[in-house]
Amino acid sequence: MKKFPLVAVPVLLFTVLIVFLFQGLFSDPRELDSQATGKPLPDFSLPDLMQPDTSYGPDDLTGKVRILNVWGVWCVTCAVELPYLTKLSREQDVTFVGLYFDQDLDPDFGTKTLSRVQQEVTDMLSRYGNPYAFNIFDVYRDMSLDLGVTGAPEHFVIDAEGIIRMHHIGDINERVWNNKIGPLYNRLRQQNRSLEAAE
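Heads up: the sequence shown begins at 1 in full-length UniProt numbering, then just goes up one per residue.
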């Protein structure tokens, strides 16, 4: 009888581990709740990618509904979604702000000059489309870390008050826009217009 509890402990731990792993098989990592959702943008002061003398902070992302798009030229999926994002910005007046970071500026990955990064970005946007009102340069990925970014592309729907209302991991395509992001974006924009009209 004294040996039973000792045998039961490993069996119990094994059972808990199996349940945990089994749940992971059926979860979608893109549907994980973001720690940033429902919170204001984190405090930041970062330069414009193309005009480093200009800097942005949280106040520059208030006043209208926007989508913050985490991206980089090294991201293949980012290139794939650029034409559709550009179409949304032109045809539906969707406001995208880029949050750009480059792995090759990190000492752990290598070295790259700012002018080379700017040229690569210019080339990519010329080729696939440019949906961005402007691009914030997340030089050391500080803001990305504060937002809980795990890769690219990722998108944050931000309301006119600067509150993050949705975090989407992965690209925005027609299906994702029509079924997930677009309805929220348009609802928030309508709410903002109603508030502006009432003032």
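From the three backbone atoms N, C-alpha and C, an ideal C-beta is built for every residue, glycine too.
Assignment of beta strand (DSSP E) within the UniProt domain "Thioredoxin" (35 to 186), counting only whole runs of 3 or more residues, yields 66 to 71, 96 to 100, 132 to 137, 154 to 158, 164 to 169 in chain order. When C-alpha distances from Q103 are compared across R141, D171, Q92, H168, the shortest belongs to R141. Sequence-distant partners of M143 (beyond 5 residues in either direction) whose C-beta falls short of 8 Å from its own C-beta, in its chain, are P42, F44, L46, L99, I136. In the structure shown, E196 falls within a helical segment according to DSSP collapsed to helix, strand and coil. Of the residues N173, L195, R189, the one whose Cα lies closest to the Cα of L88 is N173. If you draw a 10 Å sphere on the C-beta of R189, you find 16 or more other C-beta atoms in it, and that means buried. When rounded, the separation of the alpha-carbon atoms in Y56 and D138 is 11 Å.
When R116, T113, T95 are compared, the shortest CA-CA separation from F156 is found for T95. Close CB contacts of I181 within its chain, under the 8 Å cut and outside five residues either way in sequence, are with I67, H155, V157, M166, H168, I172 (chain order).
Around the beta carbon of N186, fewer than 16 other beta carbons lie within 10 angstroms, which makes this residue exposed. Within the same chain, Cβ atoms closer than 8 Å to the Cβ of V65 are found at T95, V157, I158, D159, A160, Y185, L188, R189, N192, the five residues on either side in sequence being excluded.
Ranking D59, V76, P153 by CA distance to the CA of N69 puts P153 first.
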